[in-house]
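Beneath this line is the structure, given in structure tokens, with notes to follow.
Residue numbers (our numbering): 12 to 408.
Put into structure tokens, the structure is as follows:
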């Protein structure tokens, strides 16, 4: 049984012990660097996991499948790059190194990967909190401007939910003041009390008046996270970017928060980008998944296609450490390369279990020397891997 098929999917709590964690932060999720067992992944991509058609982009090996239809994206990034200058003349750190990403209306996209792969930097850049070094972000078809007036208007339509609710809330502010802060910043002209009450009620804090005068320390962890979500909802945004929204919560509370996010999507038509290292959470909440490694997305597609039939060796390694996974867990050697010294060719080749096992011998030179282009950002199934492309070409022949 596949570890993430509907019959074997992680529980509704999403980030419970059954849900694997990319860096080992969740309950029973094994860590990639410290995963038990050893050995390389077995075999070339299976029939259901091999690329369908293996289209070439710019002459390099990027396997893609185009869906029947694509919605016009609400949020779109093209060629996004974010670099941070090095100290004392050191090379710049390429935190985000060429990303295309689309999020459609009412769509939830999970961005997964190890700690340090650039997930949070990408999310902050999409919100205009970190200006990109290159590339462009568009919202509802309009390019994002970086003037104070334009960013203020944009942030009314796109809100951020941070990982730690205790750090997000001012301990000196009551719940009412915390939720009403956005309304006051944006000069809301309506009934402030009614808007705050509605946001708290939508976030599951009922009756909302009970919570108006409470302080963060008087609330449970789940209630504090609901207050943070209410603060984002009060401006009636079209998009929420949630950075590890349940990582600091107990497993029993995680399921409640995930159910809340899904209900808000259904009721309000909200779009969401959920940043996580937890593959169980991605399975439970997302429509699409983008797997990020060293500043670039290496595999993307619907949650079912990516998590039940992974193609990229990195995605396979992440999924192999699930407790229910068949076969030996894949232990990736070493740490991810320094983002100031990204290797040539495929950026995963130094840790790739397929290349190390000799299975990728026909494309080994290309893996080490030939760079891969940016994957398309829409709803296509995409894999940036020379080996996958080669296996797909042989299967087609």
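Positions of the beta carbon are idealized from the N, C-alpha and C atoms, including for glycine.
Can you check DSSP and say which residues form a bridge with residue i?
i: residue 171; result: 252
i: residue 119; result: 283
i: residue 147; result: 89
i: residue 308; result: 303
i: residue 153; result: 150
i: residue 94; result: 105
i: residue 313; result: 299
i: residue 166; result: None, per the DSSP bridge assignment.
i: residue 409; result: Outside the shown range of the chain, which is 12 to 408, sits residue 409, and nothing can be said about it.
i: residue 113; result: 87
To the nearest angstrom, how far is it from the Cα of residue i to the Cα of residue j?
i: residue 373; j: residue 151; result: 44 Å
i: residue 274; j: residue 212; result: 13 Å
i: residue 325; j: residue 292; result: 18 Å
i: residue 332; j: residue 258; result: 19 Å
i: residue 369; j: residue 306; result: 26 Å
i: residue 198; j: residue 214; result: 22 Å
i: residue 379; j: residue 396; result: 11 Å
i: residue 236; j: residue 285; result: 15 Å
i: residue 356; j: residue 375; result: 10 Å
i: residue 360; j: residue 139; result: 32 Å
i: residue 100; j: residue 268; result: 45 Å
i: residue 238; j: residue 400; result: 47 Å
i: residue 103; j: residue 95; result: 5 Å
i: residue 218; j: residue 210; result: 11 Å
i: residue 200; j: residue 381; result: 57 Å
i: residue 162; j: residue 132; result: 17 Å
i: residue 208; j: residue 202; result: 10 Å
i: residue 135; j: residue 310; result: 21 Å
i: residue 153; j: residue 170; result: 17 Å
i: residue 147; j: residue 315; result: 29 Å
i: residue 181; j: residue 157; result: 27 Å
i: residue 216; j: residue 137; result: 29 Å
i: residue 195; j: residue 371; result: 58 Å
i: residue 8; j: residue 183; result: Residue 8 lies beyond the stretch modelled for the chain, which goes from 12 to 408, so this question has no answer here.
i: residue 172; j: residue 129; result: 17 Å
i: residue 105; j: residue 383; result: 16 Å
i: residue 402; j: residue 266; result: 39 Å
i: residue 264; j: residue 377; result: 47 Å
i: residue 204; j: residue 336; result: 50 Å
i: residue 256; j: residue 164; result: 24 Å
i: residue 338; j: residue 276; result: 37 Å
i: residue 166; j: residue 365; result: 43 Å
i: residue 294; j: residue 125; result: 17 Å
i: residue 358; j: residue 262; result: 34 Å
i: residue 83; j: residue 345; result: 40 Å
Identify which residue in the options has its Cα closest to the Cα of residue i.
i: residue 340; options: 329, 346 and 350; result: 329
i: residue 127; options: 402, 236, 360 and 303; result: 303
i: residue 250; options: 240, 378 and 380; result: 240
i: residue 121; options: 271, 252 and 351; result: 252
i: residue 117; options: 197, 248 and 104; result: 248
i: residue 278; options: 87, 294, 260 and 244; result: 244
i: residue 227; options: 97, 176 and 355; result: 176
i: residue 343; options: 337, 352 and 367; result: 367
i: residue 85; options: 164, 149, 351 and 204; result: 149
i: residue 363; options: 336, 338, 389 and 398; result: 398
i: residue 168; options: 155, 266, 204 and 317; result: 155
i: residue 394; options: 345, 308 and 337; result: 308
i: residue 411; options: 206, 83 and 178; result: Look at the range of the chain in this structure, 12 to 408, and you will see that residue 411 is not part of it.
i: residue 242; options: 262, 276 and 179; result: 179
For the putative contact between residue i and residue j, defined by C-beta atoms under 8 Å, what is the C-beta separation to the nearest angstrom?
i: residue 123; j: residue 323; result: Rounded, the Cβ-Cβ distance is 12 Å, inconsistent with contact.
i: residue 110; j: residue 385; result: 7 Å
i: residue 280; j: residue 392; result: In fact, because the Cβ distance is near 25 Å, the residues do not count as touching under 8 Å.
i: residue 334; j: residue 327; result: 16 Å between Cβ atoms; not a contact.
i: residue 484; j: residue 119; result: Residue 484 lies beyond the residue range present for the chain, which begins at 12 and ends at 408; the question has no answer from this structure.
i: residue 193; j: residue 246; result: 5 Å
i: residue 174; j: residue 254; result: 5 Å
i: residue 351; j: residue 115; result: About 35 Å separates the two Cβ atoms, so there is no contact after all.
i: residue 348; j: residue 354; result: 6 Å
i: residue 318; j: residue 290; result: 7 Å
i: residue 87; j: residue 388; result: 7 Å
Does the beta carbon of residue i sit closer than 8 Å to a beta carbon anywhere in chain D?
i: residue 208; result: The structure shown contains no chain D, having only a single protein chain.
Taking contact to mean at least 3 C-beta pairs separated by less than 8 Å, is the stretch 218-229 in contact with the stretch 178-187? These segments touch.
Please determine if the stretch 138-147 and the stretch 83-98 are in contact, where contact requires at least 3 C-beta pairs separated by less than 8 Å. Per the Cβ contact rule, the stretch 138-147 is in contact with the stretch 83-98 (3 or more Cβ pairs under 8 Å).
At least 3 beta-carbon pairs within less than 8 Å: the stretch 227-242 vs the stretch 294-303: Output reads no: the stretch 294-303 does not touch the stretch 227-242.
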